[in-house]
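Chemist:
Protein chains: 2
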Amino acid sequence: MLPRGRPRALGAATLLLLLLVVVGFFLFGRDPEYGLRAAATFEGDPYGSRNRSASGLHPPLPPKCELLHVAIVCAGHNSSREVITLVKSVLFYRKNPLHLHLVTDAVARNILETLFRTWMVPAVVIRFYDAEELKPLISWIPNTHYSGLYGLMKLVLPSILPLSLARVIVLDTDVTFSSDIAELWALFAHFSDKQVVGLVENQSDWYLGNLWKNHRPWPALGRGFNTGVILLWLDRLRQTGWEQMWTLMAKRELLTLTATSLADQDVFNAVIKEHPELVHPLPCVWNVQLSDHTLAERCYLEAADLKVIHWNSPKKLRVKNKHAEFFRNLHLTFLGYDGKLLRRELFGCPNQLPPGAEQLQQALAQLDEEEPCFEFWQQQLTVHRVHITFLPHQPPPPRPHDVTLVAQLSMDRLQMLEALCRHWSGPMSLALYLTDAEAQQFLHFVETSPVLSARKDVAYHIVYRDGPLYPVNQLRNVALAQALTPYVFLSDIDFLPAYSLYDYLRASIEQLELGSRPRKAALVVPAFETLHYRFSFPNSKAELLTLLDAGSLHIFRYHEWPQGHAPTAYAHWREAQAPYQVQWAADYEPYVVVPRDCPRYDPRFVGFGWNKVAHIIELDAQEYELLVLPEAFSIHLPHAPSLDISRFRSSPAYRDCLQALKEEFHQDLSRRYGAAALKYLTALQQSQSRA
Amino acid sequence: MLPRGRPRALGAATLLLLLLVVVGFFLFGRDPEYGLRAAATFEGDPYGSRNRSASGLHPPLPPKCELLHVAIVCAGHNSSREVITLVKSVLFYRKNPLHLHLVTDAVARNILETLFRTWMVPAVVIRFYDAEELKPLISWIPNTHYSGLYGLMKLVLPSILPLSLARVIVLDTDVTFSSDIAELWALFAHFSDKQVVGLVENQSDWYLGNLWKNHRPWPALGRGFNTGVILLWLDRLRQTGWEQMWTLMAKRELLTLTATSLADQDVFNAVIKEHPELVHPLPCVWNVQLSDHTLAERCYLEAADLKVIHWNSPKKLRVKNKHAEFFRNLHLTFLGYDGKLLRRELFGCPNQLPPGAEQLQQALAQLDEEEPCFEFWQQQLTVHRVHITFLPHQPPPPRPHDVTLVAQLSMDRLQMLEALCRHWSGPMSLALYLTDAEAQQFLHFVETSPVLSARKDVAYHIVYRDGPLYPVNQLRNVALAQALTPYVFLSDIDFLPAYSLYDYLRASIEQLELGSRPRKAALVVPAFETLHYRFSFPNSKAELLTLLDAGSLHIFRYHEWPQGHAPTAYAHWREAQAPYQVQWAADYEPYVVVPRDCPRYDPRFVGFGWNKVAHIIELDAQEYELLVLPEAFSIHLPHAPSLDISRFRSSPAYRDCLQALKEEFHQDLSRRYGAAALKYLTALQQSQSRA
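If you read the sequences in order, they're chains A and B. Residue numbering for the first sequence follows the working numbering, beginning at 313 and increasing consecutively. Residue numbering for the second sequence follows the working numbering, beginning at 313 and increasing consecutively.
1) How big is the Cα-Cα spacing for Tyr458 of chain A and Glu687 of chain B?
2) For a quick check, are the C-beta atoms of Pro593 of chain B and Glu657 of chain B less than 8 Å apart?
3) Using beta-carbon positions only, say whether Val695 of chain B and Leu672 of chain B come within less than 8 Å of one another.
4) Compute the distance between the beta-carbons of Pro879 of chain A and Tyr900 of chain A, then report whether it is under 8 Å.
5) Pairs of beta-carbons, one from the region 432–445 of chain A and one from the region 705–723 of chain A, closer than 8 Å: are there three or more?
6) Listing by chain order, which chain B residues have their CB less than 8 Å from the CB of Pro953 of chain A?
7) Kindly list the residues whose CB is nearer than 6 Å to the CB of Ser1034 of chain B, restricted to its own chain and excluding five residues on each side of it in sequence; keep chain order.
8) With respect to the alpha helix (DSSP H) encompassing Phe646 of chain B, which residues constitute its N-terminal and C-terminal limits?
9) Between which two residues does the alpha helix (DSSP H) carrying Arg564 of chain B extend?
10) Identify the continuous beta strand (DSSP E) that holds Phe807 of chain B and give its terminal residues.
11) Anyone know if the C-beta pair for Gly540 of chain A and Tyr519 of chain A falls short of 8 Å?
12) Using the C-alpha atoms, what's the distance from Pro666 of chain A back to Gly827 of chain A?
13) Helix, strand or coil for Ala534 of chain B, going by three-state DSSP, please let me know.
14) Report yes or no: is there a C-beta of chain A within less than 8 Å of the C-beta of Leu613 of chain B?
15) So what's His381 of chain B in DSSP terms, helix, strand or just coil?
16) Give the interface partners of Arg656 of chain A over in chain B, defined as CB-CB distance under 7 Å, in chain order.
17) Which runs of the alpha helix (DSSP H) spanning at least 4 residues fall entirely within the region 778–855 of chain A, listed in chain order?
18) If you measure between the beta carbons of Phe638 of chain A and Val784 of chain A, is that distance less than 8 Å?
19) What residue range does the alpha helix (DSSP H) around His605 of chain A cover?
20) For the beta strand (DSSP E) that contains Leu955 of chain B, what are its first and last residues?
21) Counting along the chain, where does the alpha helix (DSSP H) carrying Phe580 of chain B start and finish?
22) Return yes when the Cβ of Pro434 of chain B is within less than 8 Å of the Cβ of Ala669 of chain B, no when it is not.
23) Report the rounded CA-to-CA distance for Ser765 of chain A versus Leu796 of chain A, giving the unit in angstroms.
24) Could you work out which residues of chain B lie near Thr416 of chain A, taking near to mean beta carbons separated by less than 8 Å?
25) Apart from the five residues on each side of it in sequence, which residues of its chain come closer than 8 Å, Cβ to Cβ, to Asn390 of chain A?
26) Please identify, using Cβ separations under 8 Å, the residues of the region 945–974 of chain A that lie next to chain B, in order along the chain.
27) Could you check what DSSP says for Val591 of chain B in three-state terms: helix, strand or coil?
28) Answer yes if the region 560–574 of chain B comes into contact with the region 593–602 of chain B, meaning at least three C-beta pairs across the two stretches below 8 Å, and no otherwise.
29) Return the first residue and the last residue of the beta strand (DSSP E) that His622 of chain B is part of.
30) So, does the CB of Leu539 of chain B fall closer than 8 Å to a CB anywhere in chain A?
31) Using 8 Å as the limit for Cβ to Cβ distance, is Phe659 of chain A near chain B?
32) How would you list, in chain order, the residues of chain A whose beta-carbon sits under 7 Å from the beta-carbon of Thr645 of chain B?
33) In chain A, which residues lie with their C-beta within 7 Å of the C-beta of Gly648 of chain B?
34) According to DSSP, is Leu446 of chain B helix, strand or coil?
35) Considering just the uninterrupted stretch of the alpha helix (DSSP H) at Arg912 of chain B, what are its terminal residues?
36) Taking only three categories from DSSP, how would you classify Gln551 of chain B?
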């Protein structure tokens, strides 16, 4: 029999306590990934349970529509490509608005500003921070890691991010998400009051210091922590005097060590060794590290689910790992993922459309899908994502008469690039119309071509495909806007210029004093064509004329579209010794060299037809002099007709739409140039009545 | 003061009870999507909480490595395309092994068997069930729904699936997953003892019966339930006498109603109306229905997360919905997703590699990445996913002398298809080497071309891209294997046959009695080429000869590779009135007509070079007679050199690898044909010593 009175009450209390323990176990204990065992070390069980049904409890996700903050340091062309793949993976799984804090050098800022402006992803805010300004804060630390000075910048984030920002997720550019970043953000809730930084333990033996004789790493707690994925509790860090703390620690270690080997990670680990109470260990699945000798397998074989993959080897995707194929596939998913599909709204969150998106949506909504030229109007309104200088690029040194070759292409003309490089030794600005997956094939193509990879003066700008019609003039404008020399040669990708053309153009610009003439001038480069894929390219005008007379070469489109080049006056050109002026005439579309600030191409011309004609009209309307150069030429190589030209030829509806574009163009022209534009309309009407 | 003794114990018990309620609330009550409120109706709050932090508890997921079962009914070409996109979306998020139970007609089975065999996804088991056998079970039910008889087959799944199978998820082909299917499977755990079928409520007013005057739908509980996503508890269904139950109900309703309008769904709802205790209502996010007048917005605006989207309108992706773009993007993600990336292992689960995968992995692992021809060996070993008859196709009626044109192409030759259709009025079997995204562009291309969409006798087989070299002979073999006529014309995509060629070949086959000759024969179709994209195609041999004499046409590759066609003896052909026999010679590669059971192309030849030469050697080794047809011809149209031919021309390493392939081929030839193969080796050595 139970004792009465107080003891009985005690018994009830004990029972209650027991029950609470049981409840506690159910609520927190079943999920070793997030619950009491979150602080387990790598040797323990940091993977989460083997049995997913036992790990059914997740930490509460942040409320719907809560803004999550992410900081990334990014510098240079290659890191900019990387960071975009990372951002795609985050956007794919995210369900919250995001604020990206990007610490960038000038190159990355230029690339990423253009990209995000044209990407127009709803509910994403971008803020840039100038990496240049941070350099003095960390340049005193010698660092031998491949990330260089930029690798150290994560240390100073608490000082440079806005004071209003309490918490932030910090990511290396070489990580890939395969889960919702909100789940990572949710782990802040498990920090104790003292903890300021959340990190995953290192999945290598580096910090154990026994990798080779005299291997002396920076101090760390056991295997140490990896800083590819960090939860930073910024306001607590500021309160604990983080800046002074890490600076002192780094200075102390640098008395005996010559440099950091793993950049910021060495410093973070040194601080944590001294202050282990500051770190909140994260489950290993949030930073699965794929270096060559990784121990990550212990993590992922057990885990139900991988959250973040970290390519933390200088070899990146080429890292040797028996499961490398699996991880590569996850990464390739986002490399090739069509970024425009990420322009998704977050339902039920306040409108967070990027600048311009609302007007664009309205304009698109006003189009009539049943209208015969719907595809044309839609294509004109399409905002394509643009990734400028996709590959490493060195801008040409400033030279007053320098000329950039400007052209555009899609995948089916890649094979022209090597020949073009052999013919044109100067700078080029090329717009490529590709899918995300094709952009990766293009990268591989350049990397495996000795000719192309040797050239750093060719800037490749990716304009991502969207829509059925080739946006030829939008592409030309992207390439033109990125040309950095005072003059541009507006060419097409199927043409090979004379070997001497680059030098000859610069000399001509200088001799003609183009920069200081009373009238602006466009230099005409006469165009020819061959029907043979393999032919010996003429080394001089004399050789060209011989081939012309032998019928191996022709004036470009002499049979199909003579008015396109007739005003160049080829008969005169044969004999000419000096540049000569020619007059505009209807349908004239020569290839020209003009100052970089020339009028842009009219982006309404999409698909095939009239896209260059309109540009030459614009030059003429702005009173450019047309001067034909006597020694200049370029030659068109044969190719199968494009899909657009095939549609133009076979579809009367397509031709009707082109006609509508022309008429719109002329109305605009009249509006802008008044009576002076009359001659173009008259010419159009005459040529139509002839047709 | 508290009363003592018994009342005190009662107090403690009450406290305990209270606590248990609180615990119960924490354990089950916080998640209205899965817990007590799961049975809420559409008018209530079936979305899950507005605040995700409050819905932190998920139902326990099935254990890691547990096999999940999915059943799908699929018939015809279009549904087969759909189901693949559905399966991709499931595979993308899944973390469990899957068993797919596919109820198919002959067309879908043929397509899907090939697809899954070549897809080689680990941890996926496929079993087919013949839809034909099920027809008698349901054909007595008149149905006006667009899905036809197949729409009703879900009703009989409990009878036809294996008795050992206790539970199964049933999906329509027009759903897309955006979550792990294990989360759906987990909802079985919430079924009460009586519940046998889990369904999401209808998100339209159809069953309310007030859509138009005299609109009389089948009986349903309120808005009724949608059967696009079903959890079927099979063994309970069998125990409750499901078959008898639904049959009786359907018969009763058909006394007053003329037919089902929504197929199986009408019957399910009629049963549920009578036995509401059988249904377990699922949260709406598991079947977000996008019909034209959908009420789904109520679901998805509130939900933190969409799980499954259902395109349940006959308009499918073209459905009008103000958020259609959002949903289309989710769907397009998987339409364009590279399926080979889904060949992912499930870490930590017992090995579940599909047939052949292990040998393949071993063979690939034995290759040396540093070896100069590594790319060639790797490409040869690559198993490409193959989707045969990607578009609706009617097999040609059996005719003893019929000929199928066989060719292969990639995206850059699409524009040849219309012209080819105009020149060849007979059946064609074409292999297309495309990415998943390009396959969608191709679909759009055919749908918008009146010429192509009118032709149901052209079979398009997609071979999915994988690797840097064009697997030309693997493609030819796919197209050849799918040709259904007794004879095939082995052509290339850049050739247009004479308008009369199809009729002429059939007549020749008949006259020459090819089927009953003592020796097998290959009929040679002489090949010519033009350098002009636009030219008038000759209507007769006489016209062809005139163009040849005028220099507008040439013998194919007469200048670059004369030995390829020299044995055809063009001078003799000019005058020939009857078929004449020619002898094999080194490097001969004519276009030929052969019986369908001819030797396959040697798949080791990838990229450019020698791929047809090897095939003609094989024909000669098997003693095919080579007969040139006096009135047959086809003409090659110009195009830019392919990437492969460009690499062949520019890279000595590439040519060395081709040489290695040739040598390997000859060794195999000697092995198979013994001394008879000597003449080919001698010829090769002679031609090499000349070069």
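Yeah, the Cβ is synthetic: ideal placement off N, Cα and C, and Gly gets one too. The structure displayed is predicted, hence computed values, not measured ones.
Modeler: This is what the structure gives:
1) 30 Å
2) no
3) yes
4) Their beta carbons are under 8 Å apart, which means Pro879 of chain A touches Tyr900 of chain A by this criterion.
5) no
6) Gln727, Tyr845
7) Since the displayed chain B opens at 313 and closes at 1003, residue 1034 of chain B lies outside it and no answer follows.
8) 636–647
9) 554–565
10) 807–809
11) no
12) Cα-Cα distance, rounded: 40 Å.
13) One detail in the question is off: residue 534 of chain B reads as Gly in this sequence, not Ala. DSSP places Gly534 of chain B in coil when its eight states are reduced to three.
14) yes
15) strand
16) Phe638, Asn641
17) 784–793, 813–823
18) no
19) Taken as a continuous stretch (DSSP letters only), His605 of chain A belongs to no alpha helix (DSSP H), as it is neither H nor E.
20) Where Leu955 of chain B is concerned, there is no enclosing beta strand (DSSP E), although the alpha helix (DSSP H) it sits in stretches over 955–962.
21) That run of the alpha helix (DSSP H) goes 576–586.
22) Closer than 8 Å, so yes.
23) 20 Å
24) Those do not exist, as Thr416 of chain A stays about 28 Å from chain B at its closest Cβ, beyond 8 Å.
25) Pro704
26) Leu949, Pro950, His951, Ala952, Pro953, Ser954, Leu955, Ser958, Ser962
27) strand
28) Short answer: they don't touch.
29) 620–622
30) The question names Leu, yet the displayed sequence has Thr at residue 539 of chain B. For Thr539 of chain B, the answer is no, since every Cβ of chain A falls outside 8 Å of its Cβ.
31) Interface residue, yes.
32) Contact note: Thr645 of chain B reaches chain A through Leu653, using a C-beta cutoff of 7 Å and chain order.
33) Those are Asp650, listed as they occur along chain A.
34) In the structure shown, Leu446 of chain B adopts helical secondary structure according to DSSP, grouped into three states.
35) No alpha helix (DSSP H) contains Arg912 of chain B, which DSSP labels as neither H nor E.
36) helix
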